[in-house]
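These notes are about the structure you will find just below.
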Amino acid sequence: MTSFEVFTPDDRREIAFHRTMAEARGADKPGIVFLGGFRSDMGGTKAVDLQAWARAQGRAFLRFDYTGHGDSSGAFEDGCIGDWFRDAMDVVSALTTGPQVLVGSSMGGWISLLLARHMPERVAGLVGIAAAPDFTEDSMWASFDADQRAALTAQGRVELPSDYDDGPYVITQKLIEDGRNQLVLRDRLPLPFPVHLLHGTADVDVDMSRPLKLIDHADCADMRLTFVKGADHRFSSPECLALIQKTVMEIC
């Protein structure tokens with residue numbers, strides 16, 4: 001079992017994390033923070049591979065589990081976007097120094113944009129991998145039929161099938177309602193740093209229109225989008241991992 005450290009921002013949360021400190025040769029470069037996706041954990045291929053790359057570069061790196069995910073405390077069904085954003089903000093504030101390159105995968109792309117909106121002085125750049133801002137409203141709620149919406153209201157939860165191996169998604173009324181307080185594609189979204197978005201054309205979870213909408217909406221002077229033909233939502237083939245590394249290097 002791989003060891004990890006635990007950060008306790010308060011008496012209700014224990015956030016598991018892995019951190020690599022910068023070496024002298026990388027001390028003058030921004031650190032890197034990986035933000036995982038919905039129901040993902042920090043042990044995923046992209047996070048682990050990017051940490052190994054950062055270590056080889058002498059760069060500071062941080063990956064962590066939101067509450068209710070992986071090795072952190074709490075139950076997934078009790079959480080919502082606002083809770084996981086608070087986890088990310090507390091972790092970045094306490095466990096990193098100076099500006100960071102945020103690498104957000106799927107939901108982590110949304111969390112990264114929330115961080116950028118609330119603490120832009122701590123963001124050196126942003127890399128979105130199949131970024132899914134506002135997905136609780138624009139993807140989940142928008143796709144629910146009348147029966148699902150009624151069940152969500154009456155029972156406070158609804159189960160959605162999953163294409164992965166971790167069982168059905170339990171979507172709570174709290175997740176949907178809180179998500180409406182965290183939307184980033186409705187109001188002005190200034191991003192005063194480089195933003196590079198990576199997206200696979202075979203992604204069946206986040207439509208290719210989503211990064212295009214983000215580019216059209218955001219106020220950013222240096223914003224780029226790369227589509228990778230045939231890449232799926234995991235975006236973790238050797239070629240995709242190499243592209244993530246290259247993109248982080250370009251941001252810096």
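Note that the sequence shown covers residues 1 to 252 in the UniProt record's numbering. Backbone N, C-alpha and C fix where the C-beta goes; we use that ideal spot for every residue, glycine too.
Just the Cα atoms here: how many angstroms apart are residue i and residue j?
i: VAL103; j: GLY82; result: 19 Å
i: TYR169; j: ASP28; result: 42 Å
i: GLY58; j: ALA202; result: 34 Å
i: MET1; j: ALA16; result: Reliability of the predicted coordinates at MET1 is poor, the pLDDT of 44 falling under 50, and the value obtained from them is presented with this limitation in mind. So the two alpha carbons sit approximately 14 Å from each other.
i: ASP147; j: ASP10; result: 39 Å
i: LEU95; j: PHE61; result: 10 Å
i: ALA231; j: SER237; result: 8 Å
i: GLY43; j: SER143; result: 30 Å
i: GLU121; j: ARG234; result: 30 Å
i: LEU160; j: ILE171; result: 7 Å
i: PHE227; j: ASP49; result: 21 Å
i: ARG63; j: GLN155; result: 34 Å
i: THR153; j: ARG210; result: 27 Å
i: LYS229; j: LEU212; result: 16 Å
Quick one: what does DSSP say residue i is sitting in, helix, strand or coil?
i: THR97; result: coil
i: PRO238; result: helix
i: MET249; result: helix
i: GLU23; result: coil
i: PHE76; result: helix
Would the beta-carbon of residue i fall within 8 Å of that of residue j?
i: ALA132; j: SER106; result: yes
i: residue 258; j: ALA116; result: Any answer about residue 258 is impossible in this case: the structure gives the chain only from 1 up to 252.
i: PHE7; j: VAL91; result: yes
i: residue 265; j: LEU198; result: This structure cannot speak to residue 265, because the chain is shown only from 1 to 252.
i: GLN173; j: ARG149; result: no
i: ASP41; j: GLY70; result: yes
i: VAL184; j: LEU126; result: no
i: ASP219; j: ARG186; result: no
i: ALA22; j: GLY36; result: no
i: MET208; j: ILE215; result: no
Quick one, which of the options has its alpha-carbon nearest residue i's?
i: ALA88; options: ARG13, SER209 and VAL248; result: ARG13
i: TRP84; options: LEU95, GLY68 and PRO99; result: GLY68
i: PHE4; options: CYS220, LEU225 and ARG19; result: ARG19
i: PHE193; options: THR136, PRO99, TRP110 and ARG63; result: PRO99
i: ALA242; options: ARG186, ILE32, TRP53 and LEU189; result: TRP53
i: TRP110; options: SER209, THR136 and ASP222; result: THR136
i: GLY179; options: ASP134, ASP205 and ASP145; result: ASP134
- Whole runs of the alpha helix (DSSP H) within the region 135 to 221, excluding any shorter than 4 residues: 146 to 155, 173 to 179 and 209 to 217
- What are the start and end residues of each continuous alpha helix (DSSP H) run of 4 or more residues lying completely inside the region 80 to 134, in chain order? 81 to 95 and 107 to 118
- Query: Which residue spans inside the region 45 to 69 form an unbroken alpha helix (DSSP H) run of at least 4?
  - Reply: You should have 45 to 57.
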